[in-house]
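>
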Amino acid sequence: MPAHTFDVPFVLGMMRLHEAPEMHQANHLADWIEARIEQGLHWFDHADIYGNGACETLFGQALRTRPNLAKRLHVVTKASIANDNPAHGSGKVKHYNASPDYLSRAIDNALNRLGVERLDHFLIHRPDLLMNAEATGRTLDDAINAGKIGAAGISNHLPSQWRRLQNAMHHPLRANQIELSISHNAPLFDGSFDDLCADGHAPMAWSPLAGGTLMQGDVGNVLNRVAQEQNYTPNALALAWLRSLPSRPIPVVGSVKPERIADMLDGPETLSRETWYELLEAARGYCVA
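For the sequence shown, my numbering assigns the number 29 to the initial residue and increments by one for each residue that follows.
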């Protein structure tokens, strides 16, 4: 399978993995991972700041209990946010770092924590305004050539920012993670979603359920009505709204609860045009011109 292919209904985001006490037991987490793979969910999204490395560490401990498990799944991870949410008075400043030394160390640390031979996707988490594109691009190219990462990508970058990096690289950027949902639809109107599709990036949508707020107000009313009419769940319909877009954005779902995951699997691949636009209208408060 090419490193940039997401042939799943959604990607499982591991941001809150460390907050579930039962997931601290390696065998329990390994069982959970296997159960997700059996459901057809074999892409897992990480970042070095999730639990300050704890999420990658827990995931790696689970994989080490079952030597063949790592071969059945794919991993995305991200780095470039330094000193995330520093304690008041610590003297530390949150900042972004896409320097060669920082990213090289982040790649090696992620490989060690996760216990995998290769990171299928490695994304620059946030744009570093001080980035030397030539040096950073060379670092990512070298990591691909060395087999440490399958493909490089970006997250939360403007088109001009990722294109500056791409122009300095030999290998293509493959994945692009953005905030996108029914209620956060600005990328569909400001050109950034069109740009990432035009550049051949596989789109990944973080916060696809808008932190649960989609189920409130007018959007929630439409989702609940359509869910009843079509015998699907509202959350699953919200994910299908994203998958209906060109280039089929892959939602990144943050729940680790099996019942929530099953709920989000209970839906269609895509929505009809009229239903899709009805949800857009509910989010914006007015119909298209």
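Using N, Cα and C, we set each Cβ at its ideal position, and we do this for glycine too.
#1: Sorted by chain position, which residues of the same chain lie with C-beta nearer than 7 Å to residue 311's C-beta, five sequence neighbours on each side aside?
#2: Please state whether the Cβ-Cβ distance between residue 203 and residue 229 is less than 8 Å.
#3: State the DSSP-derived secondary structure class of residue 241, mapped to helix, strand or coil.
#4: Among 280, 197 and 256, which residue has its Cα nearest to the Cα of residue 183?
#5: Which ranges would you report for the alpha helix (DSSP H) in the segment 42–78 if only whole runs of at least 4 residues count?
#6: From 292, 226 and 60, pick the residue whose C-alpha is nearest to that of residue 240; which is it?
#7: Looking at the strands, I want to know which residues DSSP matches up with residue 106.
#8: Taking 8 Å as the limit between beta carbons, can you name the residues of its chain near residue 147, skipping five residues before and five after?
#9: Mark residue 41 as exposed unless 16 or more other C-beta atoms lie within 10 angstroms of its C-beta, in which case mark it buried.
#10: CB residue 254 to CB residue 298, shorter than 8 Å?
#11: Roughly how many whole angstroms lie between the Cα atoms of residue 217 and residue 141?
#12: One question on the structure: do residue 205 and residue 251 come within less than 8 Å of each other, judged by their Cβ atoms?
#13: How many angstroms separate the CA atom of residue 74 from the CA atom of residue 82?
#14: Which residue's Cα is closest to the Cα of residue 188: 63, 224 and 167?
#15: Which value, in whole angstroms, describes the spacing of the CA atoms of residue 125 and residue 133?
#16: Do residue 62 and residue 97 count as a contact pair if the criterion is CB distance below 8 Å?
#17: If I'm right that residue 181 touches residue 201 with Cβ under 8 Å, what's the distance once you round it to whole angstroms?
#18: Spell out the partners DSSP gives residue 204 in its beta bridges.
#19: Output the distance between the C-alpha atoms of residue 91 and residue 193, rounded to the nearest integer angstrom.
#20: If you compare alpha carbons, which of 65, 114, 317 and 50 is closest to residue 80?
#21: How far does the alpha helix (DSSP H) with residue 114 in it extend, from its first residue to its last?
#22: So, are the CB atoms of residue 226 and residue 270 less than 8 Å apart?
The answer reads as follows:
#1: 210, 211, 213 and 247
#2: yes
#3: Correct three-state label for residue 241: helix.
#4: 280
#5: 54–66
#6: 292
#7: 151
#8: 103, 104, 105, 135, 138, 139, 176, 177 and 178
#9: With 16 or more other Cβ atoms within 10 Å, it is buried.
#10: no
#11: 39 Å
#12: no
#13: About 10 Å.
#14: 224
#15: In this structure, the CA atom of residue 125 is about 12 Å from the CA atom of residue 133.
#16: yes
#17: 5 Å
#18: DSSP lists 182 and 231 as partners of residue 204.
#19: 33 Å
#20: 114
#21: Per DSSP, residue 114 belongs to no alpha helix (DSSP H) and is neither H nor E.
#22: No; because the gap between Cβ atoms is not below 8 Å, this pair is not in contact.
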